[in-house]
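**Student:** Just dropping this structure here.
There are 2 protein chains.
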Amino acid sequence: MIDITRLPTILHFLETIDQFKTIYRLSYIGEQSRHENDAEHTWHMAMFALLLHQELSIEIDIEHTLKLILTHDLVEIYAGDTPAYDAVGHLDKEKREEQAAQPLFAQLPEDMHIQIYGWWREFEEGRTPEARYAHAVDKLQAFAQNVFAQGRTWHENGVTAEKSRAYNRSAREFDPALTQAFELLYQRAADKQLWPEQRQS
Amino acid sequence: MIDITRLPTILHFLETIDQFKTIYRLSYIGEQSRHENDAEHTWHMAMFALLLHQELSIEIDIEHTLKLILTHDLVEIYAGDTPAYDAVGHLDKEKREEQAAQPLFAQLPEDMHIQIYGWWREFEEGRTPEARYAHAVDKLQAFAQNVFAQGRTWHENGVTAEKSRAYNRSAREFDPALTQAFELLYQRAADKQLWPEQRQS
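Next comes the structure, spelled out in structure tokens:
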């Protein structure tokens, strides 16, 4: 099964994506010493998905979900992170990321290029249960991370509970287990007064 | 299916493992600005496993492999990282990690505690094809990372090509595809003179 031309290509791609470790997000790691990067976010998201999927009211394919999660933000290596509340950045996010996807994934052998591009599009389109679960977990991890880091990102960016609840609506409503997880964290954020203004809608 | 006592427990564990992002390894990220941490190493390993498993001469269960990889180093949150060439640290590594596993995994509901502890033991014992593949990928990612970062870790720790080849023997021999991947990287390390001494055994 070994095609000697494939391995150098795959290793080159695995080196390119090392840069994922230097794409920083607005969120902080729990101890607040620095921002969280995409590699850490992705690993943590995979752990959220793995440890919560058995709590869902529906059956999802965890293998497929993990594939979507592990690769969902790779385009940011070329397109950069677009923060959740960056309205201007979101105007051309889709276009920038599509433009990043081609040169990035084309570094792989053609069959793998098609496969990984397919996973990324599936995540983006959010039509399958696994893509919808991955989306919900993306938001849950980001929200939980901001609770773990005492709401610092919310203070720095003027994010209120009301704004956060609106942003997380589809993720909160994905499944009763996620609704409960979000509510536990919103309750903690309220109890600890982590919001920049006390507008707990 | 929702048991309201489970979610707080799982979220607490997901917060504990945020500390994974501050367990630093001897290896550097590619641009050498800082050491790589366990969360980044684990995400990158998962990508190596995902993108190389179809190149293997044997069939392995990638879902199970990803579960082993995502959780294989979590005990280091309490036990710390034991560098590859730390002979003293390796004397009690097994004992320290076993002592770390219980209080860490016991933070989860009992069924999940048993499951995740089982994955960790399976990885440690290395008897299944998935555990053996995960082990080989652990070493391949670490080795590749040191090539990507221009051999800096080898220089700082006096690691020669000979010592590295001995350390990576079982990973190199796991499968012809991994043999080729390692040889491509050893060739590059030699061509770029990345070793502290020119002892390319």
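If you read the protein sequences in the order shown, they are chains A and B. Residue numbering for the first sequence follows UniProt numbering, starting at 1 and increasing by one per position. Residue numbering for the second sequence follows UniProt numbering, starting at 1 and increasing by one per position. Cβ coordinates follow ideal geometry from the N, Cα and C atoms, glycine included. Predicted model, so just to flag it, every value in this text is computed and none were measured.
Is there a Cβ of chain A sitting closer than 8 Å to that of I60(B), yes or no?
**Tutor:** For this step, residue 60(B) is matched to residue 60 along the second sequence. No, because no Cβ of chain A sits closer than 8 Å to the Cβ of I60(B).
**Student:** Check the Cβ of P8(B) against every Cβ in chain A and list those closer than 8 Å, keeping chain order.
**Tutor:** Along the second sequence, one-based indexing puts residue 8(B) at 8. The contacting residues are L184.
**Student:** Run down chain A in chain order and give the residues with a C-beta less than 8 Å from the C-beta of F148(B).
**Tutor:** Counting from one through the second sequence, the residue named residue 148(B) turns up at place 148. Near F148(B) (Cβ distances below 8 Å), the residues of chain A are E15 and D18.
**Student:** Can you check DSSP and say which residues form a bridge with N37(A)?
**Tutor:** On the first sequence, position 37 is the one that residue 37(A) refers to. Paired residues: Y24(A).
**Student:** Please confirm if K139(A) has its CB atom under 8 Å from at least one CB of chain B.
**Tutor:** Position 139 of the first sequence, counted from the start, is the residue given in the question as residue 139(A). So, not an interface residue.
**Student:** Hey, how far is the Cα of I60(B) from the Cα of H53(B)?
**Tutor:** On the second sequence, residue 60(B) is found 60 positions in, with the first residue counted as 1. On the second sequence, residue 53(B) is found 53 positions in, with the first residue counted as 1. Using only the alpha carbons, I get a separation of about 7 Å.
**Student:** With a threshold of 8 Å between beta-carbons, can Q180(B) be considered close to chain A, or not?
**Tutor:** As a working note, residue 180(B) is residue 180 in the second sequence. Output row for Q180(B): interface = yes.
**Student:** Does the beta carbon of H44(B) come closer than 8 Å to any beta carbon on chain A?
**Tutor:** Working through the second sequence from its first residue, we reach residue 44(B) at position 44. Answer yes: the Cβ-Cβ gap between H44(B) and chain A drops below 8 Å somewhere.
**Student:** Output the distance between the C-alpha atoms of H135(A) and V88(B), rounded to the nearest integer angstrom.
**Tutor:** Residue 135(A) sits at position 135 when you count from the first residue of the first sequence. Residue 88(B) sits at position 88 when you count from the first residue of the second sequence. So the alpha carbons of these two residues sit roughly 44 Å apart.
**Student:** Specify the secondary structure class of P176(B) as computed by DSSP and reduced to three states.
**Tutor:** Looking up residue 176(B) in the second sequence gives position 176. Of the three classes helix, strand and coil, the one that applies to P176(B) here is helix, per DSSP.
**Student:** Can you name, in chain order, every residue of its own chain whose Cβ lies under 7 Å from the Cβ of N168(A), other than the five neighbours on each side?
**Tutor:** By 1-based counting over the first sequence, the position of residue 168(A) is 168. Taken in chain order, the residues that qualify are K139, F143 and F182.
**Student:** Cα separation between residue 221(B) and D92(A)?
**Tutor:** Shown here, chain B extends from 1 to 201; a query on residue 221(B) therefore has no answer.
**Student:** Is there a Cβ of chain B sitting closer than 8 Å to that of residue 202(A), yes or no?
**Tutor:** Past the edges of chain A, shown from 1 to 201, lies residue 202(A), and the structure says nothing about it.
**Student:** Rounded to whole angstroms, what is the Cα-Cα separation between H113(A) and L194(A)?
**Tutor:** Counting from 1 along the first sequence, the entry for residue 113(A) is found at position 113. Counting from 1 along the first sequence, the entry for residue 194(A) is found at position 194. Spanning the two alpha carbons is a distance of roughly 43 Å.
**Student:** Does the distance from the C-beta atom of A177(B) to that of S57(B) stay below 8 Å?
**Tutor:** For the purposes of this step, residue 177(B) is identified with residue 177 of the second sequence, where counting begins at 1. For the purposes of this step, residue 57(B) is identified with residue 57 of the second sequence, where counting begins at 1. Contact: yes.
**Student:** Since T153(B) meets chain A, which of its residues come closer than 8 Å, beta carbon to beta carbon?
**Tutor:** Locating residue 153(B) in the second sequence gives position 153, counting from the first residue. Ordered by position in chain A, no residue passes the 8 Å Cβ test against T153(B), which lies about 14 Å from the chain.
**Student:** By Cβ distance, which residues of its chain are closer than 6 Å to Y24(A), with the 5 residues on each side in sequence left out?
**Tutor:** Position 24 of the first sequence, counted from the first residue, corresponds to residue 24(A). The residues are H35 and N37.
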